[in-house]
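Q: Got a structure for you, questions after.
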Amino acid sequence: MKRIIVLGAAGMAGHMISLYLKTINNYHVIDVCHTYKPFPNSIILDIHDLLNVESLIKNEKPDIIINCIGILNKGIDKKIPDAIFVNSYFPKWLEKFCINESTKIIHISTDCVFSGKTGGHTETAIPDGSDPYARTKVLGEIINKKDLTIRTSIIGPELKQEGIGLFHWFLNQKGDISGYSKVYWTGVTTLQLAICIDTMIRLNLSGLYHLVPSAPINKYELLCIIKEVFCKEIRINKDYNVKCSRTLVDTRNELPEGLPGYEEMICQLKNWMKKNHKLYDSIYSNLK
Numbered sequence: 043m044k045r046i047i048v049l050g051a052a053g054m055a056g057h058m059i060s061l062y063l064k065t066i067n068n069y070h071v072i073d074v075c076h077t078y079k080p081f082p083n084s085i086i087l088d089i090h091d092l093l094n095v096e097s098l099i100k101n102e103k104p105d106i107i108i109n110c111i112g113i114l115n116k117g118i119d120k121k122i123p124d125a126i127f128v129n130s131y132f133p134k135w136l137e138k139f140c141i142n143e144s145t146k147i148i149h150i151s152t153d154c155v156f157s158g159k160t161g162g163h164t165e166t167a168i169p170d171g172s173d174p175y176a177r178t179k180v181l182g183e184i185i186n187k188k189d190l191t192i193r194t195s196i197i198g199p200e201l202k203q204e205g206i207g208l209f210h211w212f213l214n215q216k217g218d219i220s221g222y223s224k225v226y227w228t229g230v231t232t233l234q235l236a237i238c239i240d241t242m243i244r245l246n247l248s249g250l251y252h253l254v255p256s257a258p259i260n261k262y263e264l265l266c267i268i269k270e271v272f273c274k275e276i277r278i279n280k281d282y283n284v285k286c287s288r289t290l291v292d293t294r295n296e297l298p299e300g301l302p303g304y305e306e307m308i309c310q311l312k313n314w315m316k317k318n319h320k321l322y323d324s325i326y327s328n329l330k
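Sequence positions in the sequence shown follow my numbering and run 43 to 330.
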């Protein structure tokens, strides 16, 4: 049985990864969170206390550590020192601490390491993002022959009302909203991310992996799919003014079954949320 520590297990990605991997018999999942315990056995830990992190790793003896912790782009200008520690220093510290161990680090990165001026970025493309989020995230990427960094963009439910993700924002909107038809996206649902992490563990993938579908979609089209699948009564108006493309390309193609299309991923996500509705009812009361 593989022992897996999930750091950031109360976050948008982390809670889904923890929850999904717990459904797989040969995994023992240890949830680690900063202040909020999403599951009864979750461990509260502040990663700024590196001695406690060391103790956790030594005591739990994990085969895999999945790092979902990050300071996000919203409001990052006001907390740059913390962003440098969390996004840049801590992943590199983890890599170094486990360098002589069999423990594998799986680190979640982002398409935001690119500026958005051009799309179609392969794994060998040089990140050109210049804002604090882009710079701190790219500095924290772990690229070696043992560990794995997953670059992607994610949408999915949150466990807190103050979540800032696109999916969370959309499900809480009413009336008319704008959808950017010139903003192009390649990404996955958090459920699909969790499914793929299971596959990547089984395949023992390492290095840098762009986890994205084969074709991009614009944000207007993406919102229209979410609207239809989640039976959301809202009007989405096309907005042509904002232009951006941080789209990624997976040139490795090492996932045997590839990725589902966007609509299929979102349908699977809805079914998952309904199955686990007790986690989400207080935040997404309009699930149908």
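Don't be surprised by glycine CBs; every beta carbon is placed ideally from N, CA and C.
1) Are the CB atoms of Lys261 and Trp359 within a distance shorter than 9 Å?
2) Return the CA-CA distance between Ile86 and Ala52, expressed in angstroms with no decimal places.
3) If the criterion is Cβ atoms closer than 9 Å, does the pair Ile192 and Met242 meet it?
4) Should Ile168 be labelled buried (16 or more other beta-carbon atoms within 10 Å of its own) or exposed?
5) Taking only runs of the beta strand (DSSP E) that begin and end inside the stretch 56-114, which ones reach a length of at least 3 residues, in chain order?
6) If you drop the 5 nearest sequence neighbours on each side, which residues of the same chain put their C-beta closer than 8 Å to that of Ser157?
7) Let's see if you can read the secondary structure: which residues bound the alpha helix (DSSP H) around Thr241?
8) According to DSSP, simplified to helix, strand and coil, what is Arg45?
9) Shortest alpha-carbon distance to Thr178 belongs to which of Ser151, His252, Gly162?
10) Is the stretch 117-134 touching the stretch 246-261, taking contact as three or more C-beta pairs under 8 Å?
11) Just curious, the beta strand (DSSP E) that Thr178 is in, first and last residue?
12) Using beta-carbon positions only, say whether Leu329 and His57 come within less than 9 Å of one another.
13) With the cut-off set at 9 Å, would you say Trp49 and Val74 are in Cβ contact?
14) So, is Ile141 buried or exposed, given that buried needs 16 or more other C-beta atoms within 10 angstroms?
15) Give the DSSP bridge partners of Cys286, in chain order.
16) In the structure shown, what three-state DSSP assignment does Ile141 receive?
17) Assuming Ile66 and Asp240 form a contact by the criterion Cβ under 8 Å, report the distance between their Cβ atoms to the nearest whole angstrom.
A: The structure says:
1) Nothing can be reported for residue 359: it is not among the residues displayed for the chain, which extend from 43 to 330.
2) In the sequence shown, counting from the first residue as 1, residue 86 sits at position 44. In the sequence shown, counting from the first residue as 1, residue 52 sits at position 10. Each residue's alpha carbon lies about 10 Å from the other.
3) As a first step, residue 192 must be located in the sequence shown, where it is residue number 150. As a first step, residue 242 must be located in the sequence shown, where it is residue number 200. The answer is yes: Cβ separation under 9 Å.
4) Here the question's residue 168 lines up with position 126 in the sequence shown. Label assigned to Ile168: exposed.
5) 69-75, 106-109
6) Position 115 of the sequence shown, counted from the first residue, corresponds to residue 157. If we look at Ser157 and ignore the five residues flanking it on each side, its Cβ neighbours are Asp170, Gly171, Ser172, Ala176, Arg288.
7) Walking along the sequence shown from the start, residue 241 turns up at place 199. First-last of the alpha helix (DSSP H) with Thr241: 232-245.
8) As a working note, residue 45 is residue 3 in the sequence shown. Looking at Arg45 - three-state DSSP - the assignment turns out to be strand.
9) For the purposes of this step, residue 178 is taken as the residue at position 136 of the sequence shown. The candidate whose alpha carbon is nearest that of Thr178 is Ser151.
10) no
11) Within the sequence shown, numbered from 1, the residue matching residue 178 stands at position 136. Note, Thr178: premise wrong, no beta strand (DSSP E); alpha helix (DSSP H) at 174-181.
12) In the sequence shown, the residue the question calls residue 329 occupies position 287. In the sequence shown, the residue the question calls residue 57 occupies position 15. No.
13) In the sequence shown, residue 49 corresponds to position 7, counting from 1. In the sequence shown, residue 74 corresponds to position 32, counting from 1. Per the sequence shown, the amino acid found at residue 49 is Leu instead of Trp. Yes, these two residues count as a Cβ contact at 9 Å.
14) Numbered from its first residue, the sequence shown carries residue 141 at position 99. Burial call: exposed.
15) For this step, residue 286 is matched to residue 244 along the sequence shown. Partner(s): Val225.
16) To locate residue 141, count along the sequence shown from 1; it is residue 99. Coil.
17) By 1-based counting over the sequence shown, the position of residue 66 is 24. By 1-based counting over the sequence shown, the position of residue 240 is 198. Correct: roughly 6 Å between the Cβ atoms.
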